[in-house]
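Okay, structure first, notes after.
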Amino acid sequence: MKDPAYELSSIIVTILQVASAMFGGLFLWLSIMAFNGQEMMNSFLKMADDPHYVSAEEAFVAGLVLLGMFIICIASFFILRYLKRVVKKEANQLGLQ
Numbered sequence: 003m004k005d006p007a008y009e010l011s012s013i014i015v016t017i018l019q020v021a022s023a024m025f026g027g028l029f030l031w032l033s034i035m036a037f038n039g040q041e042m043m044n045s046f047l048k049m050a051d052d053p054h055y056v057s058a059e060e061a062f063v064a065g066l067v068l069l070g071m072f073i074i075c076i077a078s079f080f081i082l083r084y085l086k087r088v089v090k091k092e093a094n095q096l097g098l099q
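3 is the number of the first residue of the sequence shown in my numbering; add one for each residue after it.
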């Protein structure tokens, strides 16, 4: 017996996994740019006529925050993968798949 709710939840979890992987890649790239791009950020601020100057400490903290977001995205990807496996196992036991 096929359960449409099970199939829909599987599709939603797959979409969430893809989204978390994509955002994880984005946050990793942004953290690398923040760690290495202090002068680039300052040149953008000069072009925008903003008087604020980004110090090395601020760039480092921004890089750490973005790296933390990357780790959270990767952890959520693996948690979703584990939950998908648990749901599949339960559905097999109940004969829904």
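Built from N, CA and C at the ideal position, the CB exists for glycine as well.
Please read these numbers as outputs of a predicted model, since none were measured by experiment.
Nearest-angstrom Cβ-Cβ length linking residue i and residue j, presumed shorter than 8 Å
i	j	result
ALA58	ALA36	Going by Cβ atoms, the distance from ALA58 to ALA36 rounds to 11 Å, so no, they are not a contact pair.
PHE29	LEU68	5 Å
Residues near residue i by beta carbon distance below 7 Å, same chain, minus five either side
i	result
ALA50	none
LEU18	LEU82
PHE72	GLY26, PHE29, LEU30 and SER33
ILE13	none
Exposure label - residue i; buried when at least 16 CB within 10 Å
i	result
SER22	buried
SER33	buried
PHE46	exposed
LEU10	exposed
Rounded straight-line distance, which links the Cα of residue j to that of residue i
i	j	result
PHE79	GLY97	27 Å
ALA7	GLN95	16 Å
LYS90	GLY70	30 Å
TYR55	VAL20	36 Å
ILE74	LYS4	34 Å
ASP52	MET24	31 Å
Cβ shell of residue i (< 6 Å), same chain only, five flanking positions each side left out
i	result
LYS86	VAL15
ILE76	GLY26
Beta-carbon proximity list for residue i, same chain, < 8 Å, skipping 5 on both sides
i	result
ALA61	ALA36, PHE37, GLY39, GLN40 and MET43
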